[in-house]
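**Q** Following this message is one structure expressed as structure tokens.
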Amino acid sequence: MDEPVPGTVSPPGRDQLPPRGVARVQGKDGEDVLFPTVERYHDVVDIYRSEGFELLSDLCGVDYLTHPGRVLPDGVRPERFELAVVLLSLTEARRVRIRVQVPEDDPQVPTVWDLFPGSEAMEREAFDMFGIRFVGHPDLTRILMPDDWEGYPLRKDYGVGRVPVQFKEAPGPR
Amino acid sequence: MNSDPDTSFTSERAQELADRAATKPDEIEREIGSVLRLPEGHVVDASDVSIDRSEDETMVINMGPQHPSTHGVLRLMMELDGETVLRTKPVVGYLHTGMEKTGEELSYVQGATNVTRMDYLSPLNNELVFAMATEKLLGVELPARAVWIRMLLSELQRISSHLMWLATNGMDLGSTTMMIFGFREREMILAFFEKCSGLRMNHNFIRPGGTAADLPDGWEDDVEVICDTVLARLETYDELITGQPIFRERVEGVGALTAQEALALSATGPILRSTGVAWDLRRSMPYLAYDQVEFDVIVGTYGDNFDRYAIRINEVRESIKIVRQVLDRMPTGDYRVQDKKVTPPPRARIDESMEALIHHFKIFTEGLKVPTGEVYVAIESPRGELGCYMVSDGSGRPYRMHIRGPSFVNLQSLPVMLRGGLVADAIATISSSDPVMGEVDR
Numbered sequence: 006m007d008e009p010v011p012g013t014v015s016p017p018g019r020d021q022l023p024p025r026g027v028a029r030v031q032g033k034d035g036e037d038v039l040f041p042t043v044e045r046y047h048d049v050v051d052i053y054r055s056e057g058f059e060l061l062s063d064l065c066g067v068d069y070l071t072h073p074g075r076v077l078p079d080g081v082r083p084e085r086f087e088l089a090v091v092l093l094s095l096t097e098a099r100r101v102r103i104r105v106q107v108p109e110d111d112p113q114v115p116t117v118w119d120l121f122p123g124s125e126a127m128e129r130e131a132f133d134m135f136g137i138r139f140v141g142h143p144d145l146t147r148i149l150m151p152d153d154w155e156g157y158p159l160r161k162d163y164g165v166g167r168v169p170v171q172f173k174e175a176p177g178p179r
Numbered sequence: 285m286n287s288d289p290d291t292s293f294t295s296e297r298a299q300e301l302a303d304r305a306a307t308k309p310d311e312i313e314r315e316i317g318s319v320l321r322l323p324e325g326h327v328v329d330a331s332d333v334s335i336d337r338s339e340d341e342t343m344v345i346n347m348g349p350q351h352p353s354t355h356g357v358l359r360l361m362m363e364l365d366g367e368t369v370l371r372t373k374p375v376v377g378y379l380h381t382g383m384e385k386t387g388e389e390l391s392y393v394q395g396a397t398n399v400t401r402m403d404y405l406s407p408l409n410n411e412l413v414f415a416m417a418t419e420k421l422l423g424v425e426l427p428a429r430a431v432w433i434r435m436l437l438s439e440l441q442r443i444s445s446h447l448m449w450l451a452t453n454g455m456d457l458g459s460t461t462m463m464i465f466g467f468r469e470r471e472m473i474l475a476f477f478e479k480c481s482g483l484r485m486n487h488n489f490i491r492p493g494g495t496a497a498d499l500p501d502g503w504e505d506d507v508e509v510i511c512d513t514v515l516a517r518l519e520t521y522d523e524l525i526t527g528q529p530i531f532r533e534r535v536e537g538v539g540a541l542t543a544q545e546a547l548a549l550s551a552t553g554p555i556l557r558s559t560g561v562a563w564d565l566r567r568s569m570p571y572l573a574y575d576q577v578e579f580d581v582i583v584g585t586y587g588d589n590f591d592r593y594a595i596r597i598n599e600v601r602e603s604i605k606i607v608r609q610v611l612d613r614m615p616t617g618d619y620r621v622q623d624k625k626v627t628p629p630p631r632a633r634i635d636e637s638m639e640a641l642i643h644h645f646k647i648f649t650e651g652l653k654v655p656t657g658e659v660y661v662a663i664e665s666p667r668g669e670l671g672c673y674m675v676s677d678g679s680g681r682p683y684r685m686h687i688r689g690p691s692f693v694n695l696q697s698l699p700v701m702l703r704g705g706l707v708a709d710a711i712a713t714i715s716s717s718d719p720v721m722g723e724v725d726r
């Protein structure tokens, strides 16, 4: 794993991979999993895009409120929210996963819509479900929930609705 | 339309297509798809794209959410100039039932019943991706027969899904004969699934650890009949549809997409392959045993509706090829992994063994204990890359279960495909992108 050097900007060229100053581990499939900061996130996605990862295959949020003890590499401070982005290289048939820690008190991330227009709907979904705001997104509105919905359904502190079960013995309306 | 909040009748106001006057230039450019990442020398000329139209020249219409040709509750807001489509915006979410949230409440054993209802035209693929993600976290290796049973079912599912698409596509283009034909052949495959799992759809057959049961006796004969019949009927479709001038005129050159646009918009499956990119996860990043069978990846050239039709009809032929190979080479052995912590013991063992009873009880009350970790697994569903990002916190339920639905992502390329075309062709284009709203809204 590289030594985390905050604010390092990689020089342009072929050998930009893996991006310097970003904590990195191997996933279960042997794919690279990177942990850039919110500030470096857009930069890292741009580096991968220019190095041939031409398809953004997935983008989703995770709320780690009730699972704080997850394994993270050294130098990465766990935050409540996480953004998991999967990029795909068609020529190398290889994936890379980028996990960004997003703080609870200011859930803002730069959009990658300018690099991958296909991230538009997925970023809207992450906003809709977790309230993560994507700065620079052209149309950051709810996508699955109605526009006047309150709260963010996939957050862990958002209650799951239940239908009360009425047992025969319990005192009922009749 | 509805620029004043007080006159709004729907709860999706901000998600709707806004007036030109109220829309920022970069948003208009996004809606007409001109901000795509294009190769050098292909920069969009601003004068090509006439975005400065006066308000009274154009008209915004709603297609859906209850339009019969939108394949579910898809609502498209279109800005029209006469009959020409200028801007389109899909408004989705009418079928949203919070299945990812529900998935966090269900154990890994119950989870397959939840995901199978997402893409209701290829339920087995949903179960497969869920089971594969769970197995990757568990780190279990499946017996060969389980893998090949999964591959057989997955390919039969692809055939049935593409037949269903041929049926609805025929209906959208005015051919009710094709609709009846497609449904008829699909029903044969669904009858086989019913024989295997007890259910025509939403099978819950592929589960973490293998499959729910072994294939029924005499499955070879059923599959052989399916292969022979569908292959023969495909010739009929070719006669009825493929060479027909009326059909060709309606689909050729309509709804075209370039490879760069498809890649930039994260489109996968037949939409990406129709533009000439030979990307099929079964070939490029093989899962199950796809590296041991022979098949061709079908690609198109022009990225239009006809290419997407031709790809699907030929993928049925390729799937039959795979099914025939599975038929010849189906290994013997167990249909699930015999790990007491992953799969329940055989029913007969429960009556005679205390441990078996305990394991059975534990699995169905607590669920499987899956080690902590995060994993992303993707398979090639009939509609494209179907992914599952699963986070486990070590308990019996997934901590987060995100499904990357190919329909949801592919829907973004619709505005680009529709732009500049006619409203009547929009129907054909929506159909050829093959959205399943259960998967879009989840």
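Residue numbers (our numbering), protein chains in the order written: chain A, 6 to 179; chain C, 285 to 726. Glycine is no exception: its CB is placed at the ideal position from the N, C-alpha and C atoms.
1) Which same chain residues, not among the five before or five after P628/C, have their C-beta less than 8 Å away from its C-beta?
2) Going along the chain, which residues of the segment 45–63 of chain A sit with their C-beta nearer than 9 Å to a C-beta in chain D?
3) Which ranges does the alpha helix (DSSP H) cover as unbroken runs of at least 4 residues, wholly within the segment 383–414 of chain C, from first to last along the chain?
4) Hey, does H142/A have any beta-carbon neighbour from chain C nearer than 7 Å?
5) Using the C-alpha atoms, what's the distance from E471/C back to S679/C?
6) Can Q576/C be considered in contact with the ligand NAD, in the sense that its beta carbon sits closer than 6 Å to one or more heavy atoms?
7) Consider the Cβ of Y683/C: report whether some Cβ of chain A lies at a distance smaller than 7 Å.
8) Provide the residue(s) that pair with L93/A in DSSP beta bridges, ordered along the chain.
9) Does K420/C get closer than 7 Å to chain A when you measure Cβ to Cβ?
10) Report the CB separation of I510/C from E411/C in whole angstroms; it is logged as a contact under 8 Å.
11) Using a Cβ cut-off of 8 Å, pull out every chain A residue sitting near W432/C, in sequence order please.
12) DSSP on L670/C, reduced to helix/strand/coil?
13) To which residues of the same chain is D7/A closer than 8 Å at the C-beta, ignoring the five residues directly before and after it?
14) Kindly say whether Y673/C, judged by its beta-carbon, lies nearer than 7 Å to any beta-carbon of chain A.
15) Give the list of continuous alpha helix (DSSP H) stretches no shorter than 4 residues that lie fully inside the segment 608–653 of chain C.
16) For V91/A, which residues in chain C fall below 9 Å Cβ to Cβ?
17) Name the two residues that bound the continuous beta strand (DSSP E) containing T372/C.
18) Under 7 Å, Cβ to Cβ, is there at least one residue of chain C near L77/A?
19) Which two residues bound the contiguous alpha helix (DSSP H) that contains D512/C?
20) Output needed for A451/C: all residues of its chain with C-beta closer than 6 Å, excluding positions within five of it in sequence on either side, in chain order.
21) Let me check understanding here. Comparing Cα to Cα, which of T342/C, G527/C, Y392/C, N346/C lies closest to Y683/C?
22) Between I525/C and S459/C, which are expected to be in contact by the criterion C-beta below 8 Å, what is the C-beta distance as a whole number of angstroms?
23) From D79/A to R703/C, what distance separates their C-alpha atoms?
24) Let me make sure I understand the geometry here. Which of P374/C, V610/C, L421/C, V413/C has the alpha-carbon closest to that of V724/C?
**A** According to the data block:
1) The residue given as residue 628/C occupies position 344 in the second sequence. H643, H644, I647, F648.
2) No chain D is present in this structure, whose protein chains are A and C.
3) Runs found: 383–389, 392–399.
4) Here residue 142/A refers to the residue found at position 137 of the first sequence. H142/A does not count as touching chain C.
5) Along the second sequence, read from residue 1 onward, the residue named residue 679/C stands at position 395. Along the second sequence, read from residue 1 onward, the residue named residue 471/C stands at position 187. Each residue's alpha carbon lies about 40 Å from the other.
6) This structure lacks the ligand NAD, and indeed carries no ligand of any kind.
7) Taking the first residue of the second sequence as position 1, residue 683/C is located at position 399. For Y683/C, the nearest CB of chain A lies under 7 Å from its own CB, placing it at the interface with that chain.
8) Along the first sequence, read from residue 1 onward, the residue named residue 93/A stands at position 88. BP columns for L93/A point to L60/A, R100/A.
9) Stepping through the second sequence from its first residue, residue 420/C is reached at position 136. At least one chain A Cβ lies under 7 Å of K420/C.
10) Position 226 of the second sequence holds residue 510/C. Position 127 of the second sequence holds residue 411/C. Contact flag wrong, Cβ pair sits at about 20 Å.
11) Your numbering for residue 432/C matches position 148 in the second sequence. Against W432/C, chain A offers no close residue; the least beta-carbon distance is about 22 Å (beta-carbon pairs closer than 8 Å).
12) If you number the second sequence from 1, residue 670/C lands on position 386. The answer is strand: DSSP assigns L670/C an E or B state.
13) Along the first sequence, read from residue 1 onward, the residue named residue 7/A stands at position 2. Here D7/A scores only 46 on pLDDT, less than 50, and its place in the model should not be relied on; the value that follows carries that caveat. Same-chain partners within the cutoff: P23, R25, G26, V27, A28, R29.
14) Here residue 673/C is taken as the residue at index 389 of the second sequence, counted from 1. Cβ-Cβ to chain A under 7 Å: yes for Y673/C.
15) For the segment 608–653 of chain C, whole alpha helix (DSSP H) runs of length 4 or above, ordered along the chain, are 631–636, 638–649.
16) Position 86 of the first sequence, counting from 1, holds the residue named residue 91/A. Within 9 Å of the CB of V91/A, the CB atoms of chain C belong to Y660, A662, G671, Y673, R688, in sequence order along the chain.
17) Here the question's residue 372/C lines up with position 88 in the second sequence. Per DSSP, T372/C belongs to the beta strand (DSSP E) from 368–375.
18) Mapped onto the first sequence, residue 77/A falls at position 72. It does not; no Cβ of chain C falls within 7 Å.
19) Taking the second sequence and counting its residues from 1, the one referred to as residue 512/C is at position 228. Run containing D512/C: 503–521, per the alpha helix (DSSP H) assignment.
20) Here residue 451/C is taken as the residue at index 167 of the second sequence, counted from 1. Correct list, in chain order: M463, G466, F467.
21) Sequence index remark: in the second sequence, residue 683/C carries index 399 (1-based). That would be Y392/C, whose Cα lies nearest to the Cα of Y683/C.
22) Position 241 of the second sequence, counted from the start, is the residue given in the question as residue 525/C. Position 175 of the second sequence, counted from the start, is the residue given in the question as residue 459/C. Here I525/C really is in contact with S459/C; their C-beta atoms are around 7 Å apart, less than 8 Å.
23) Against the first sequence, residue 79/A aligns to sequence position 74. Against the second sequence, residue 703/C aligns to sequence position 419. Looking at the two C-alpha atoms, the distance is approximately 49 Å.
24) If you number the second sequence from 1, residue 724/C lands on position 440. Of the listed residues, the one whose Cα sits closest to V724/C is P374/C.
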